[in-house]
Amino acid sequence: MQQLSVVISGFDHYDDVRVNPSYEVPKALAEKGVDGLDDVELAISAVSLPVSFAKAWPTLRETIEATHPNIVIATGLKHAARGVMLERCATNLMDAAKPDVDNMTPRRAPIDPNGPAAYWTRLPLRSILADFTRDGIPATLSSDAGTFVCNSLFYNLLNWASGQDKVLAGFVSFPLINESRHPQHGLPLRHLVTAGADVVRDSVRYYRRPTSGDILIA
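Going from the sequence shown to the working numbering is simple: count from 1 and add 120.
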């Protein structure tokens, strides 16, 4: 049986958000695991990060160095999203309209002055979207993760992954949690946990047997 390690990260408290899906979903996946994977012994580690330009990536990197994962899935929150958003691209830009938890507000500054302008996700977006459709989870592709802490984390993660032999990495943005029977904005937490499990499951399958048909960037 193949042993694989997955790290899934989220963020600590967001201002004016009572229940943060990017905290709850990684925690639930680490506690409950992900079914439907034959011949795989899967270890899932969850880590919650500060909403900080300076501290988010170093905190995630500590967990990565401790667990040596095959797959790293970072998650965040997009307040205005109707459903789950699969992020395609991390850009080399910090441009904050509001301060982070350290009261830092970088404006139009590169994340890495010597780095490339952008990185593409390494997750199998086509197969993930197919599973979302099967499970009735509203979702869409997103061109980028903005220019706040989520994007900075995403860029640093992909920059790290580019130097690894075989590591999948990417970013998923969740909408707000909305437990209404027919929500017009946001999704119930159970649906977001299902979405997170789909992302992990498809990433593991792609890691084991990569095919071009699983990839969807543009």
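A virtual CB, placed ideally from N, CA and C, is assigned to each residue, including glycine. From a predicted model like this one, the values you see are computed outputs, not experimental measurements.
**Study point:** Residue-level contact to chain E via CB, aspartate 264, 8 Å cutoff
**Key:** Considering every chain present, this structure includes no chain E. It has just one protein chain.
Exercise for review: Have a look at Arg228, Val145, Arg138 and Asp158 and flag the residue whose alpha-carbon is nearest the alpha-carbon of serine 272.
Suggested key: To locate residue 272, count along the sequence shown from 1; it is residue 152. Ranking Arg228, Val145, Arg138 and Asp158 by CA distance to the CA of serine 272 puts Arg228 first.
Review point. With a Cβ-Cβ cutoff of 8 Å, do glutamate 144 and leucine 309 count as a contact?
Key: Numbered from its first residue, the sequence shown carries residue 144 at position 24. Numbered from its first residue, the sequence shown carries residue 309 at position 189. Result yes, Cβ atoms of glutamate 144 and leucine 309 sit closer than 8 Å.
Check your understanding: Who are the Cβ neighbours of phenylalanine 268 in its own chain at under 6 Å, not counting the five residues just before and after it?
Key -> The count along the sequence shown starts at 1 and reaches residue 268 at position 148. If the five residues before and after phenylalanine 268 are omitted, its C-beta is found closer than 6 Å to the C-beta atoms of Ala216, all from its own chain and listed in chain order.
Exercise for review: Mind listing, in chain order, the continuous alpha helix (DSSP H) runs of no fewer than 4 residues lying wholly within the region 284–319?
Suggested key: You should have found no qualifying run.
Exercise for review: Closer than 6 Å by C-beta to phenylalanine 345: which residues in its own chain qualify, once you throw out the five before and the five after it? Chain order, please.
Suggested key: Residue 345 cannot be examined here, being either before or after the span of the chain that is shown, 121 to 338.
**Study point:** Coarse secondary structure for threonine 187, derived from DSSP in three states
**Key:** For this step, residue 187 is matched to residue 67 along the sequence shown. Shown here, threonine 187 sits in a helix according to DSSP, grouped into three states.
Check your understanding: Can you tell me whether DSSP reads leucine 278 as helix, strand or coil?
Key -> Position 158 of the sequence shown, counted from the first residue, corresponds to residue 278. It is helical.
Check your understanding: Who are the near neighbours of tyrosine 134 in its chain, counting only those whose CB is closer than 7 Å to its CB and skipping five residues on each side?
Key -> As a first step, residue 134 must be located in the sequence shown, where it is residue number 14. Taking tyrosine 134 as the centre and dropping the five residues before and after it, the same chain places the C-beta of Asn140, Val171 and Leu197 closer than 7 Å to its C-beta, in chain order.
Review point. Roughly how many whole angstroms lie between the Cα atoms of methionine 205 and methionine 121?
Key: As a position in the sequence shown, residue 205 is number 85, starting the count at 1. As a position in the sequence shown, residue 121 is number 1, starting the count at 1. Spanning the two alpha carbons is a distance of roughly 32 Å.
Practice item. Would you mind reading off the limits of the alpha helix (DSSP H) that contains alanine 250? Key: One-based indexing of the sequence shown puts residue 250 at position 130. Its alpha helix (DSSP H) spans residues 245–254.
Exercise for review: Counting only the same chain and skipping the five closest in sequence on each side, list residues whose C-beta sits under 7 Å from that of aspartate 159.
Suggested key: As a working mapping, residue 159 is identified with position 39 in the sequence shown. Leaving aside the five residues that flank aspartate 159 on each side, the residues in its chain whose CB is nearer than 7 Å to its CB run, in chain order, Met121 and Gln122.
Practice item. Grab me the residues of histidine 199's own chain with a C-beta within less than 7 Å of its C-beta, minus the 5 sequence neighbours each way, in chain order. Key: As a working note, residue 199 is residue 79 in the sequence shown. Contacts found: Leu296.
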